[in-house]
Ligand code: AMP
């Protein structure tokens with residue numbers, strides 16, 4: 010892996026302009042790794058132009074904002090994509106307009122779209138990898154509290170506050186090192202966890218409307234009628250995937266939300282590998298946290314059956 014870090018840094022050193030992308034439907038790790046890398050490179054190479062692009066997510070605005078750049082900025086640029094397993098999920102389709110394309114990620118590598126692909130599936134998050142890279146180049150004393158805040162939030166997001174089984178001793182070590190920087194981490198965590206009060210009645214709906222069978226498989230189906238009733242957009246509803254996570258006996262669950270043209274299914278499990286099923290249905294992701302979009306509720310039922318039969 011050291012070789013890939015060297016190759017990535019060689020390309021960064023050569024470039025005058027660096028544009029960093031991340032995945033669609035950004036989560037804290039997408040924002041954290043992208044904006045953390047941008048800030049690190051800006052500190053290390055003040056003479057270079059470094060941009061971060063991609064769609065925004067209102068609930069993560071406190072982490073930072075992407076840059077608005079025109080197509081001609083891509084001319085001769087180095088493009089780095091963070092936290093994105095496959096090319097169709099890269100936010101902002103202009104990622105291949107640059108001179109070179111690199112990937113830094115922790116998802117199972119289904120699509121190695123970069124010229125250099127640094128993929129570490131043992132890392133909790135891409136933010137963890139960005140810290141590893143900073144450490145590898147002995148730049149830990151050079152980064153500031155903003156880099157630390159962003160990477161810490163990315164790690165907290167992808168590990169569910171260090172609770173999920175992707176949390177390793179190394180993850181905790183990095184968390185501890187990041188806390189040495191003077192950012193207000195309680196405030197940062199509160200910002201990450203806070204929910205708009207208008208969403209809470211919907212949380213009650215989820216708790217009263219999931220189905221759990223004897224084997225430990227649960228499903229939540231959020232139809233367009235439910236969205237209308239609670240006045241939510243699909244993304245707001247999808248945030249509640251972990252609402253049922255602590256229910257006794259639960260082993261695998263799928264949280265499905267009608268997005269109009271398709272149904273977004275977020276799949277989670279406790280120790281049981283489920284990304285093979287997600288892959289079979291055209292999605293992907295991690296062994297215990299995957300996702301897929303299906304065309305209708307009938308296809309959703311087939312997905313649910315396949316997940317149930319894992320138990
Ligand atoms: P999510 O439920 O959106 O947090 O997704 C969990 C993981 O599954 C993500 O890290 C993605 O890598 C992956 N994933 C989600 N949706 C899809 C999809 N439609 N296609 C491929 N991978 C997906």
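In the working numbering, the protein residues as written are 10 to 320.
Glycine is no exception: its CB is placed at the ideal position from the N, C-alpha and C atoms.
Note that the coordinates shown come from a computational prediction; the quantities given were computed from them, not determined experimentally.
- Around the CB of residue 180, 16 or more other CB atoms lie within 10 Å, so the residue is classed as buried.
- The ligand AMP has no heavy atom closer than 6 Å to the beta-carbon of residue 107.
- Assigned with DSSP and collapsed to three states, residue 60 falls in strand.
- Nearest to residue 304 by alpha-carbon distance, out of 270, 277, 294 and 284, is 270.
- Judged by beta-carbon spacing, residue 110 lies beyond the 7 Å limit of residue 128, meaning their Cβ atoms are not closer than that value.
- The beta carbons of residue 17 and residue 125 sit closer together than 7 Å.
- Taken through DSSP and simplified to helix, strand or coil, residue 240 comes out as coil.
- With a cutoff of 7 Å on beta-carbon distance, residue 95 and residue 120 are scored as near each other.
- Residue 54 and residue 152 have their alpha carbons spaced roughly 12 Å apart.
- CA-CA distance, residue 163 to residue 46, rounds to 12 Å.
- Between residue 317 and residue 226, the C-beta gap is smaller than 7 Å, which places the two residues in contact.
- Secondary structure of residue 199 (DSSP, three-state): helix.
- At a Cβ-Cβ threshold of 7 Å, residue 93 and residue 32 count as neighbours.
- Going by DSSP, residue 179 is part of the alpha helix (DSSP H) stretching over 178-188.
- Linking residue 282 to residue 42 through their CA atoms gives a straight-line distance of about 25 Å.
- A distance below 7 Å between beta-carbons, with the five flanking residues on each side excluded, links residue 210 to the following residues of its chain, in chain order: 239.
- A distance criterion of 6 Å places the beta-carbon of residue 30 beyond contact range of the ligand AMP, judged by its closest non-hydrogen atom.
- Counting along the chain, residue 49 sits inside the alpha helix (DSSP H) bounded by residues 37-53.
- Secondary structure at residue 192: coil, using DSSP grouped into helix, strand and coil.
- Bridge partners of residue 230 according to DSSP: 265.
- Classified as exposed, residue 150 has fewer than 16 neighbouring CB atoms from the shown chains inside 10 Å of its CB.
- A residue is called buried when at least 16 other Cβ atoms come within 10 angstroms of its Cβ; residue 246 meets this threshold and is buried.
- By alpha-carbon distance to residue 91, the top candidate from 58, 298 and 135 is 135.
- At least 7 Å separates the beta-carbon of residue 176 from that of residue 233.
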